[in-house]
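Enquirer: To start, I am sharing the structure in question, which I have written as structure tokens.
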Amino acid sequence: MQIFRDISSLQLSLNELKLERKTIGLVPTMGALHDGHAALLKASLAENDVTVCSIFVNPTQFNNDEDLKNYPRTYEEDIEFLKSFECDIVFNPSAEEMYPKSPSLKFNFADLEQSMEGSYRPGHFNGVAIVVSKLFNIVNPDRAYFGQKDLQQYRIISQLVEDLSYNIELRQIPIKRDENGLALSSRNKRLSTSGLKSARK
Ligand code: PAF
1 MQIFRDISSL QLSLNELKLE RKTIGLVPTM GALHDGHAAL LKASLAENDV TVCSIFVNPT
61 QFNNDEDLKN YPRTYEEDIE FLKSFECDIV FNPSAEEMYP KSPSLKFNFA DLEQSMEGSY
121 RPGHFNGVAI VVSKLFNIVN PDRAYFGQKD LQQYRIISQL VEDLSYNIEL RQIPIKRDEN
181 GLALSSRNKR LSTSGLKSAR K
């Protein structure tokens, strides 16, 4: 498994694979990997010659600094996890590599971002759309994999692909749940015992 931290060396390697006509699957993540991510990885590994998993805790999608600071980071375990699935390539850039300057681009997804999660997290989907477009431009995958758990995110990314004519097949992978029926999420690591109990209700 190869690990890249900078965009240019990742692209050099991907360009060679594309010359060999290999198909590329992209699994974008923010790390703290769990069985939900495993389902995305397995789908990508089955459907493409090469799978790229990105691990990047994207600062532009956090509307709260404390939330960004406390987001679970389990890099060493994530790498072992990805090796166990024989993932081909990991892209783990720094925030400076992804954002040499703070981006000024603003997406507007109108009604799509004004309800549900969007109404509680102003600017969140703008940050998601920025990082996902950057990852699409950097990797230029044939297919990209997202979880059904993030329904609104998936709908917004579908709109992004349509509006910007990305030639990428989006794949939505069914939710994975724990033994109590709670959807697996990296953020569950931050729930208190009582929070976990009420989330499982
Ligand atoms: O769903 C996530 O983990 C993130 O929102 C994503 C798509 C990796 C973008 O940072």
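Residue numbering for the sequence shown follows my numbering, starting at 1 and increasing by one per position.
Quick reminder that beta carbons are idealized off the backbone N, C-alpha and C, glycines included.
Classify residue 85 as helix, strand or coil using the three-state DSSP reduction.
Expert: Three-state result, residue 85: coil.
Enquirer: Taking 7 Å as the limit between beta carbons, can you name the residues of its chain near residue 41, skipping five residues before and five after?
Expert: Cβ neighbours of residue 41 beyond the five flanking positions: 27, 51, 53, 85, 87.
Enquirer: What is the DSSP secondary structure of residue 51, reduced to helix, strand or coil?
Expert: Here residue 51 sits in strand by DSSP.
Enquirer: Assuming contact is defined by CB atoms lying nearer than 7 Å, are residue 173 and residue 195 in contact in what I supplied?
Expert: Not closer than 7 Å, so no.
Enquirer: Does the Cβ of residue 93 lie closer than 6 Å to at least one heavy atom of the ligand PAF?
Expert: Every heavy atom of the ligand PAF is 6 Å or more from the Cβ of residue 93, so no.
Enquirer: In the segment 72 to 129, which residue ranges form an unbroken beta strand (DSSP E) of at least 3 residues, counting only runs that do not cross its ends?
Expert: Runs of the beta strand (DSSP E) inside the segment 72 to 129: 89 to 91.
Enquirer: Taking Cβ positions, are residue 177 and residue 183 nearer each other than 7 Å?
Expert: In contact: residue 177 and residue 183 (Cβ atoms closer than 7 Å).
Enquirer: What's the C-alpha gap between residue 15 and residue 21?
Expert: So the alpha carbons of these two residues sit roughly 10 Å apart.
Enquirer: What is the residue span of the beta strand (DSSP E) that residue 199 lies within?
Expert: It is not in any beta strand (DSSP E) - residue 199 instead sits in the alpha helix (DSSP H) that spans 193 to 200.
Enquirer: By DSSP's criteria, residue 183 is part of a beta bridge. Which residues make up the other side?
Expert: Looking at the DSSP assignment, residue 183 forms a beta bridge with 177.
Enquirer: Tell me, which residues are paired with residue 143 by DSSP?
Expert: 25, 169, per the DSSP bridge assignment.
Enquirer: Between which two residues does the alpha helix (DSSP H) containing residue 153 stretch?
Expert: It spans 151 to 163 - the alpha helix (DSSP H) in which residue 153 sits, taken as one unbroken run.
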